[in-house]
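Q: Residue 775 is where the sequence shown starts when you use my numbering, and the numbers rise one by one after that.
The beta-carbon is built from N, C-alpha and C at its ideal position, and this holds for glycine as well.
Structure incoming, see below.
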Amino acid sequence: MAQVETELPFVIGHRGAAGLAPENTLTSIIRAKKEGATWVEFDVMLARYGEAILFHNETIDRTTNGSGAVADLSLSELRKFDAGLWFDPAFLGERIPTFVEAMVTLAQQGLGANVEIKPTKGAERETATAVARLIKSDWPSNTAAPVISSFSEDAIAVVHQEIPEVPRAMLFWKLPTDWREIVSRYECDAIHMSDRHLTLSLLADAAAMGLPVRVYTVNDPERARALRDMGVQSIFTDRPDLIKD
Ligand code: G3P
Ligand code: MG
775 MAQVETELPF
785 VIGHRGAAGL
795 APENTLTSII
805 RAKKEGATWV
815 EFDVMLARYG
825 EAILFHNETI
835 DRTTNGSGAV
845 ADLSLSELRK
855 FDAGLWFDPA
865 FLGERIPTFV
875 EAMVTLAQQG
885 LGANVEIKPT
895 KGAERETATA
905 VARLIKSDWP
915 SNTAAPVISS
925 FSEDAIAVVH
935 QEIPEVPRAM
945 LFWKLPTDWR
955 EIVSRYECDA
965 IHMSDRHLTL
975 SLLADAAAMG
985 LPVRVYTVND
995 PERARALRDM
1005 GVQSIFTDRP
1015 DLIKD
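Structural data, given as structure tokens:
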């Protein structure tokens, strides 16, 4: 596990640099670094036999030249598909990376990361258990401890239990009325939420609880500046070339 203290910057590359390279690929992570980001976010899902990969959707149709459910395909089957061509022919040959490959890339690039657990339906605890084990065994020691997040309460419950020392954030689209209870139950260090539903009163409530708020997905530099002025700690952006720390 990491020796380096976790300190988050304002700019976090979303799915690497999803506006500039095919999301959740090693090239996207490296591109975020090239554009000046010091942290990236990516999504981790399990393939058929429990292999942890970087992937967002439950099916591969949108971001590869294949089709089918991630949960029905093994890693070696998934690797046969191109994960770059859909974005731009310049990225032909890009493959779906494993979580372990992403960790190696983080260490090589000197990047920190927010690991979003993105389970397929029904695999919440299994996905979180796999992520926790891999972080324990493979997280590079020269890299800041990750921040783990998930929309799934079950996933956050597992990492709370398995790796309590690793910072956690509860991820919300819109905050439910019982968000304080949820965040307290799993001793989360921060709230990650959609820019669409952010309000000043919510920021004040979070600040009163000592919880930093990080907001997705922000691609407009003006909006980013306004959010920083409002006290938002970090933003997730597809365009780290447009928004700088
Ligand atoms: O982790 C922030 C953000 O990535 C959550 O939404 O759908 O882009 O994974 P999504
Ligand atoms: Mg995500």
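What number of angstroms, rounded off, separates the C-alpha of Val-818 from the C-alpha of Ser-958?
A: Position 44 of the sequence shown, counting from 1, holds the residue named residue 818. Position 184 of the sequence shown, counting from 1, holds the residue named residue 958. As the crow flies, the alpha-carbon of Val-818 is around 24 Å from that of Ser-958.
Q: Is Phe-865 a contact residue of the ligand G3P, with contact defined as CB to any heavy atom under 7 Å?
A: Looking up residue 865 in the sequence shown gives position 91. No, the Cβ of Phe-865 stays beyond 7 Å of every heavy atom of the ligand G3P.
Q: What is the DSSP secondary structure of Ser-968, counted as helix, strand or coil?
A: The residue labelled residue 968 in the question sits at position 194 within the sequence shown. Strand at Ser-968.
Q: Looking at Glu-890 and Ser-924, is the spacing between their C-beta atoms short of 8 Å?
A: Residue mapping note: residue 924 aligns to position 150 of the sequence shown, counting from 1. Residue mapping note: residue 890 aligns to position 116 of the sequence shown, counting from 1. Their beta carbons are under 8 Å apart, which means Ser-924 touches Glu-890 by this criterion.
Q: How long is the line joining the alpha carbons of Val-989 and Ala-876, rounded to whole angstroms?
A: Translated into the one-based positions of the sequence shown, residue 989 becomes position 215. Translated into the one-based positions of the sequence shown, residue 876 becomes position 102. About 23 Å.
Q: Quick one: is Thr-973 buried, meaning 16 or more other Cβ sit within 10 Å of its Cβ, or exposed?
A: Here residue 973 refers to the residue found at position 199 when the sequence shown is read from its first residue. Exposed, since its Cβ has fewer than 16 Cβ neighbours within 10 Å.
Q: Looking at Leu-820 and Glu-900, is the spacing between their C-beta atoms short of 8 Å?
A: Indexing the sequence shown from 1 puts residue 900 at position 126. Indexing the sequence shown from 1 puts residue 820 at position 46. A contact, by the Cβ cut-off of 8 Å.
Q: Leaving out five residues before and five after Gly-824 in sequence, what residues of the same chain have Cβ atoms less than 8 Å from its Cβ?
A: The residue you call residue 824 lines up with position 50 of the sequence shown. Here the set comprises Glu-900, Ala-904.
Q: Is the Cβ-Cβ distance between Thr-879 and Leu-800 less than 8 Å?
A: As a working note, residue 879 is residue 105 in the sequence shown. As a working note, residue 800 is residue 26 in the sequence shown. Yes.
Q: Report the three-state DSSP secondary structure of Thr-833 (helix, strand or coil).
A: Start at 1 with the first residue of the sequence shown, and residue 833 comes out as number 59. In the structure shown, the three-state DSSP call for Thr-833 is strand.
Q: Looking at the ligand MG, does it come within less than 7 Å of Glu-890, judged from the CB to the closest heavy atom?
A: Here residue 890 refers to the residue found at position 116 of the sequence shown. Yes, the Cβ of Glu-890 comes within 7 Å of a heavy atom of the ligand MG.
Q: Run the CB neighbour count on Gln-777, radius 10 Å, all protein chains shown included, and call it buried at 16 or more, exposed below.
A: For this step, residue 777 is matched to residue 3 along the sequence shown. Model confidence at Gln-777 stands at a pLDDT of 47, short of 50, so the residue's coordinates are unreliable; what they give is reported in the following sentence. Counting Cβ neighbours within 10 Å, Gln-777 comes out exposed, since fewer than 16 surround it.
Q: Locate the alpha helix (DSSP H) running through Val-905, then write down its first and last residues.
A: Working through the sequence shown from its first residue, we reach residue 905 at position 131. 898 to 912 is the span of the alpha helix (DSSP H), which, as asked, contains Val-905.
Q: Identify every run of the beta strand (DSSP E) within the stretch 913 to 945, keeping only runs that are complete inside it and at least 3 residues long; order them along the chain.
A: 921 to 924
Q: Just verifying my parser: in three-state terms, what is the DSSP assignment at Arg-805?
A: As a working mapping, residue 805 is identified with position 31 in the sequence shown. It is helical.
Q: Could you check how far apart the C-beta atoms of Ala-1000 and Pro-986 are, in whole angstroms? I think they sit under 8 Å.
A: The residue you call residue 1000 lines up with position 226 of the sequence shown. The residue you call residue 986 lines up with position 212 of the sequence shown. At roughly 17 Å, the Cβ-Cβ gap does not stay under 8 Å, so Ala-1000 and Pro-986 are not in contact.
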